[in-house]
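S.K.: The structure that follows is given in the form of structure tokens.
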Amino acid sequence: MYEKPDNIMKIPLSNNTISRSIDEMANDVKHQLINILHRSEFSIQVDDSTVVDNQCLMMVYVRYFSEDLQSCDEMLFTEKLLLDSNINCSLLGTLAAFSGKNMNSRLNGALQLVIKTVNKLKFNPLSHRFFRELCLRNDEVHTKLLYPTEVRWLSKGNCVLHFVELFHIIVSFFEDTSLSASLGF
Numbered sequence: 004m005y006e007k008p009d010n011i012m013k014i015p016l017s018n019n020t021i022s023r024s025i026d027e028m029a030n031d032v033k034h035q036l037i038n039i040l041h042r043s044e045f046s047i048q049v050d051d052s053t054v055v056d057n058q059c060l061m062m063v064y065v066r067y068f069s070e071d072l073q074s075c076d077e078m079l080f081t082e083k084l085l086l087d088s089n090i091n092c093s094l095l096g097t098l099a100a101f102s103g104k105n106m107n108s109r110l111n112g113a114l115q116l117v118i119k120t121v122n123k124l125k126f127n128p129l130s131h132r133f134f135r136e137l138c139l140r141n142d143e144v145h146t147k148l149l150y151p152t153e154v155r156w157l158s159k160g161n162c163v164l165h166f167v168e169l170f171h172i173i174v175s176f177f178e179d180t181s182l183s184a185s186l187g188f
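Written out as structure tokens, the structure reads:
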């Protein structure tokens, strides 16, 4: 009465087929990322998070530039933190914190200038709308600047990246003296 189509018969019915395929794809993505990191300079960020069942996770993110010079952020791995290992943290060799207070003064000054400019543009809603319109008229990829956050240093990098990509628009926005004067700059 009812015949099964041939293509349905080709679908494997094993419980592990889907999970095995997902594992294979995950390993492929992992190997691609490792190959990229072998060929380029990169920076890492180590962060921690607590998931629903109160387990502490260590997450490692990498930032690198692709072959076409695009900034890329990827999660390298996530592992459960061993809280009962009794590791003596005083034996830790090097700890580098990428925040403004730990940067050299020249880089920190540049970062503070970016943050101050972004805050000045975004503080006044009218200037923010004018800036967005200026970006739209010039067919820019981005139409807004990003606020940097203290939580993740990667967000500061994204903020600086948007700032650099929109630099000529930012300069022309502040050079328009009638607009700047009417906004109180």
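If you count the sequence shown from 1, you need to add 3 to reach our numbering. Don't be surprised by glycine CBs; every beta carbon is placed ideally from N, CA and C. If you're wondering where the values come from, they're calculated on a predicted model, not measured in any experiment.
(1) DSSP puts L124 in a beta bridge; with which residues?
(2) Have a look at M12 and I25 and give me their C-alpha separation to the nearest angstrom.
(3) Just list the beta strand (DSSP E) runs in the segment 8-75, keeping only unbroken ones of 3 residues or longer that don't cross its boundaries, in chain order.
(4) What does E178 pair with, by DSSP beta-bridge criteria?
(5) Please classify K119: does DSSP put it in a helix, a strand, or coil?
(6) Report all residues from its chain with a CB closer than 8 Å to the CB of T53; omit the five preceding and five following residues, and keep chain order.
(7) Less than 6 Å between C-beta atoms, sequence neighbours within five positions excluded: which residues of the same chain meet that for V65?
M.R.: Inspection of the coordinates gives the following:
(1) Answer is none; L124 lacks a bridge partner.
(2) Roughly 22 Å separates the two Cα atoms.
(3) As far as the segment 8-75 is concerned, its whole beta strand (DSSP E) runs of at least 3 residues are 45-53, 59-68.
(4) In DSSP, E178 forms no bridge with anything.
(5) In the structure shown, K119 adopts helical secondary structure according to DSSP, grouped into three states.
(6) Excluding sequence neighbours, T53 sits near C59, L60.
(7) Contacts found: F45, I47, E77, L79.
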